[in-house]
Amino acid sequence: DTGPRVSATAPAWWGRGAAAAADGTVLQIAFWSGQLAAVLESVDLLASETGLDLAISGSAGAGVLHAAIPAAAPPAAVTDFVTRLRGALSQPPAAPGTGGPAIPPTAASVVVLHASAEVMTGLDLWGPVPGLPLMHAIKDQFDPEHRMAPGRYAGGI
């Protein structure tokens, strides 16, 4: 039988790997799968420049990677890495041989899933959210007194 199966227990590989460790910083990097090479180049370059040793796992085909940074990493280096990676992934890639943009920005996001208190105080955990004004307008329409889950989503929604 090669079809989908449901099981009451998780497979042996579930929850393993460096990105599952809860003692350091864990990032989720989401991107268009066609931009995998550019994302990995940016991650590698910036990790090297900030002196961080990352472990990467995830699904390249789905366009979601998890990056684990050890707890021993200096909080300032982690903050610098995340800030610079968000900036790098928001830039449009250059067209081969032209030096100019060929396609729109990668529409990538870098979200902090887990971090120490020191890292969290220096970062916006969600990063830039392109649809934030629209989300605020919807929140105002359906929850004008902001009683439902106040401030628990990106941008304080």
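In the working numbering, the protein residues as written are 1 to 157. Note that CB positions come from ideal geometry on N, CA and C, so glycine has one too.
Euclidean distance between Cα positions of residue i and residue j
i: T50; j: D143; result: 42 angstroms
i: P128; j: A71; result: 25 angstroms
i: P101; j: D23; result: Confidence at P101 is low in this model, with a pLDDT of 44, below 50, so the placement of that residue should be treated as unreliable; the coordinate-derived value is given next. P101 and D23: Cα-Cα distance of roughly 39 angstroms.
i: F31; j: I56; result: 14 angstroms
i: P74; j: L113; result: 18 angstroms
i: L134; j: A149; result: 18 angstroms
i: S48; j: D124; result: 22 angstroms
i: V26; j: V119; result: 11 angstroms
i: V82; j: H66; result: 13 angstroms
i: W126; j: V6; result: 32 angstroms
Extent of the continuous alpha helix (DSSP H) to which residue i belongs
i: A88; result: P75 to L89
i: V39; result: L36 to T50
i: H136; result: L132 to F142
Contacting residues, own chain, Cβ-Cβ under 6 angstroms from residue i (five flanking each side not counted)
i: I103; result: Legend: pLDDT at I103 = 42, less than 50; position of this residue unreliable, value from coordinates given subsequently. So the list is empty, once near-sequence residues are dropped.
i: L132; result: G155
i: K139; result: I157
beta-carbon residue i near the ligand ATP non-hydrogen atom, thresh 8 angstroms
i: A30; result: Of ligands this structure carries none, so the ligand ATP is not represented either.
Unbroken beta strand (DSSP E) run spanning residue i, endpoints
i: V26; result: T25 to A30
i: V119; result: Careful: V119 lies outside any beta strand (DSSP E), inside the alpha helix (DSSP H) at A117 to T121.
Proximity to residue i [Cα-Cα], best of the options
i: Q28; options: S48, A60, M148 and Q91; result: A60
i: V64; options: L46, V39 and D140; result: V39
i: A117; options: L89, V78, K139 and A137; result: V78
i: L45; options: H136, T9, A8 and R84; result: R84
Neighbourhood of residue i by C-beta, 7 angstroms cutoff - its chain only, sequence neighbours within 5 removed
i: D53; result: P70
i: G34; result: none
Residues near residue i in its chain [Cβ-Cβ closer than 8 angstroms; skip 5 each side]
i: G151; result: I157
Beta-carbon proximity check, residue i vs residue j, cutoff 9 angstroms
i: L89; j: A115; result: no
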